[in-house]
Amino acid sequence: MKVLLMGVTLRASWVHSLKEKRMVVKSIVQKLKNKFNVSVSEIDEQDIHQTIVIGIAAVCGSSAQVDSTMENIIIFIECNTDAEIISIENEMEIF
Numbered sequence: 008m009k010v011l012l013m014g015v016t017l018r019a020s021w022v023h024s025l026k027e028k029r030m031v032v033k034s035i036v037q038k039l040k041n042k043f044n045v046s047v048s049e050i051d052e053q054d055i056h057q058t059i060v061i062g063i064a065a066v067c068g069s070s071a072q073v074d075s076t077m078e079n080i081i082i083f084i085e086c087n088t089d090a091e092i093i094s095i096e097n098e099m100e101i102f
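Read left to right, the sequence shown gives residues 8 to 102 (the numbering used here).
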């Protein structure tokens, strides 16, 4: 069993309030949950308007599945939001 842990930092330069940011975050989080059946949450920078940091966790059967899931998540985020990906941190735990 492999566990995928990801931290994705996004910049939403058009966001000017926490209310706008909350709408963007809720949209991304819900879409990721529905599409990939993963655990997703905003994990940092909650008080910064234009920076979004989300954490993603998923259980996979193999290393290949971890890599594939990670690539698909990144592509999905790029295609489904206007926010720019600044950084991606990933880790794989083996149990």
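Glycine included, each C-beta is placed from N, C-alpha and C at the ideal position.
Bear in mind that the values here come from a model prediction, so they are computed numbers and not experimental data.
6 Å Cβ shell around residue i - same chain, five flanking residues per side excluded
| i | result |
| --- | --- |
| D89 | none |
| S46 | A64 |
| T16 | V60, I93 and S94 |
| W21 | none |
| N87 | K38 |
Counterpart residues of residue i in DSSP-defined beta bridges
| i | result |
| --- | --- |
| G62 | G14 and S48 |
| C67 | K9 |
| S95 | It should be noted that the sequence gives Ile, not Ser, for residue 95. In the DSSP output, where bridge partners are listed per residue, I95 has V15. |
| E100 | V10 |
First and last residue of the uninterrupted alpha helix (DSSP H) at residue i
| i | result |
| --- | --- |
| Q37 | L25 to F43 |
Distance, residue j Cα to residue i Cα
| i | j | result |
| --- | --- | --- |
| I80 | I55 | 24 Å |
| E78 | G68 | 16 Å |
| G14 | D51 | 10 Å |
| R18 | K40 | 21 Å |
| L12 | F43 | 14 Å |
Residues near residue i in its chain [Cβ-Cβ closer than 8 Å; skip 5 each side]
| i | result |
| --- | --- |
| S70 | K9 and M99 |
| S48 | V36, I61 and G62 |
Other residues of its chain near residue i: CB distance less than 7 Å, five sequence neighbours each side excluded
| i | result |
| --- | --- |
| V73 | K9, L11, C67 and M99 |
| T76 | L11, F43, A65 and C67 |
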